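The structure under discussion appears below in the form of structure tokens.
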Amino acid sequence: MSRWTTLSKQHAAHKDRAIRDLFDDPDRASDFSVQVGDMYFDYSKTNIDAQTRDTLLDLARDAGVEARRNEMFSGVHINETEDRAVLHTALRNLDGGPVMVEGDDVMPAVLDTLVAMRRYADEVRSGSYTDVINIGIGGSDLGPAMAVRALAPYHDGPRCHFVSNVDGADIADTLRGLDAKTTLVIVASKTFTTIETMTNARTARAWMHDHGGDPKTQFAALSTAADKTAEFGIDPARVFGFEDWVGGRYSVWGPIGLSLMIAIGPKAFDAFLRGAQDMDTHFRVADLHENLPVLLALTGIWHNQICDYATRAVLPYDELLGLLPNYLQQLEMESNGKGVQRSGVNSPRHTGPVVWGAAGTNGQHAFYQLIHQGTRVIPCEFLLAANGHEAELAHHHQLLVANCLAQSKALMQGRSLDEARAIAATKGFTGAELDRQARHRVFPGNRPSTTLLYPQLDPFTLGQIIALYEHRVFVEGIILDIISFDQWGVELGKELATSLQPVIEGATDTSAEDGSTAALVSFIHRHNG
Ligand code: F6P
């Protein structure tokens, strides 16, 4: 019997078991949690028992997770459809040895670029810049934007802004109120061809020129395409390059992280890299049964592929991680949202889940109703710091912690009809009305969640968390036998946008378009004169 079948049978046998009953075993919490350094991951509030965990670990072993992990770290071209190595880990390999790609050690160039970034970041931080705008999209935006917000308590550099959307509202809103003479524009694009980024970059350049700034000295670029940055007119001294073995959504650790380095300083940025390096080491050496990325991945596989829960909520009880769900949407859904396995055959099962979420406690007052009482089960991933940064507001943090722990507890234990009836009775309801009112107050419970705890969201910890999720995505991809490092699914829309542009501009008629698209275009033409 295949591992998948065994897992499905285990799920069928235990799906009605109450998770809270698993705690009759006094060791449940310690057996189903793992501590890595200062980080604690609790997956005891799931319906995974020892037998299922063993099968999940066997599934990972059978898929060759360990061998494939070693291939990734050693520069094998595991991004097979683009014929590329996958080596974002080299960008944070500060204390490790050589990393070979096709016979060459890539570390000297990585470290040289880091030195150049530090020098430039210091120059910007100590100069007259008041503001920095990072223009990029996808991986050239979400990583630095998320991390800059996450590490706000460590900011001591110029203000950072992020412009990504081609919607003119984004750049117009950002430029309004900025001084072109004291603003640095960083154009972040791996390919330097992305239409949104190049359009915004040209608009920013014109604005700077028209408002007394000097685009020749106030523009920097982060890209793999030195020829294109030169064509755009950016001085090579302010171009920070990287190689094609860094995927866009894995690129915050290198030049794409320049805005973060400018915001928090090179030393704190080093701590961010070291946190990721720490997680890399753990991922490489820890046995699978206590390997944090592996366990996080296996809970994902259990919930999505076995239990068939289609979405997963990421719920940081950490306001500073407010952009983490958006960041993870790209990391996870662009990596593992594939319908075809490595060999080219269709995947026999669903692949990546829909990932969504928002910071707690705000989400509690918006969508938690559905999580608690909706008809679909949504596994929740809570993240929580033991300490906030506002020492004088410790009572806020205690409330935050209480709310986070209360949510995972409520999801697990629920409220029975009898309990709900007792509550309805205290409100004065009787007879049939008591029963009706009580039914609205029932919580099914038995809804799984995991909790990741850390002492405080400092640069090192953020590095650990992001690397943890990267490796989780890797492990899930290997188990699902898909290629996690390409993104062909974004191409068709881009091609069609290019071919529609002349239609929108009125240079080409709509005769080649389908009826719906033609009608939409004609509405737009009628209304924009
Ligand atoms: O369209 C998707 C994508 O290619 C992402 O994978 C990438 O992060 C983003 O666009 C931006 O690409 P670039 O950094 O080349 O501008």
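Numbering that gives the first Met the number 0 puts the sequence shown at residues 0 to 528. Backbone N, C-alpha and C define an ideal beta-carbon position, used for all residues, glycine too. Model, not experiment: these values are computed from the prediction.
- Put simply, of 54, 25, 336 and 364 the residue whose alpha carbon is nearest the alpha carbon of residue 352 is 336.
- Scanning its chain for C-beta atoms nearer than 8 Å, with the 5 sequence neighbours on each side dropped, one finds around residue 215 the residues 232 and 234, in chain order.
- Judged by beta-carbon spacing, residue 244 lies within the 9 Å limit of residue 100, meaning their Cβ atoms are closer than that value.
- Bridge pairing for residue 163: absent [DSSP].
- Taking all protein chains shown into account, residue 194 has fewer than 16 neighbouring C-beta atoms within 10 Å of its C-beta and is therefore exposed.
- The residues 239, 254, 257 and 260, in chain order, have a CB closer than 7 Å to that of residue 116 in the same chain once the five nearest residues on each side in sequence are set aside.
- In this structure, ligand 1 has no non-hydrogen atom nearer than 8 Å to the beta-carbon of residue 245.
- Contact between residue 448 and residue 381 is confirmed by a C-beta separation of about 6 Å, below the 8 Å threshold.
- Burial is judged here by how many other beta carbons sit within 10 angstroms of a residue's own beta carbon; residue 282 has at least 16 and is buried.
- Going by DSSP, residue 41 is part of the beta strand (DSSP E) stretching over 38 to 41.
- If you draw a straight line from the Cα of residue 246 to the Cα of residue 422, it is about 54 Å long.
- Inclusion of residue 262 and residue 157 in the CB contact set at 9 Å is warranted, their separation being smaller than that value.
- Proximity of the segment 7 to 15 to the segment 40 to 54 meets the contact definition, three or more beta-carbon pairs being nearer than 8 Å.
- Cβ contact annotation for residue 211 (same chain, cutoff 8 Å, sequence separation greater than five): 179 and 180, in chain order.
- Fewer than three Cβ pairs drawn from the segment 308 to 328 and the segment 433 to 440 lie within less than 8 Å of each other, which leaves the two stretches out of contact.
- Within the chosen limit of 8 Å, ligand 1 does not reach the beta carbon of residue 385 with any heavy atom.
- DSSP, reduced to helix, strand and coil, places residue 442 within a strand of the structure shown.
- Excluding sequence positions up to five before and after residue 350, its CB lies within less than 8 Å of the CB of 335, 336, 337, 338, 479 and 481, all in the same chain and listed in chain order.
- Annotation: residue 400 is outside any beta strand (DSSP E); the continuous alpha helix (DSSP H) that includes it extends over 393 to 412.
- As for any beta strand (DSSP E) of minimum length 3 sitting wholly inside the segment 287 to 323, the runs are 310 to 316, ordered along the chain.
- Look at residue 75 here: in three-state DSSP terms it is coil, with no helix or strand label.
- Placement of the Cβ of residue 248 at a distance of less than 8 Å from at least one heavy atom of ligand 1 is found.
- Per DSSP, reduced to three states, the secondary structure at residue 260 is helical.
- In the displayed model, residue 53 falls within a helix according to three-state DSSP.
- Annotated as proximal: residue 135 and residue 188, with beta-carbon spacing under 9 Å.
- For residue 188, the shortest C-beta to heavy atom distance toward ligand 1 is below 8 Å.
- Runs of the beta strand (DSSP E) lying entirely within the segment 418 to 506, each at least 3 residues long, are 448 to 453 in chain order.
- The alpha-carbon separation between residue 405 and residue 397 amounts to approximately 12 Å.
- In the structure shown, the three-state DSSP call for residue 206 is helix.
- When DSSP states are grouped into helix, strand and coil, residue 380 belongs to the strand group.
- Annotation for residue 239 indicates a beta carbon at 8 Å or more from all heavy atoms of ligand 1.
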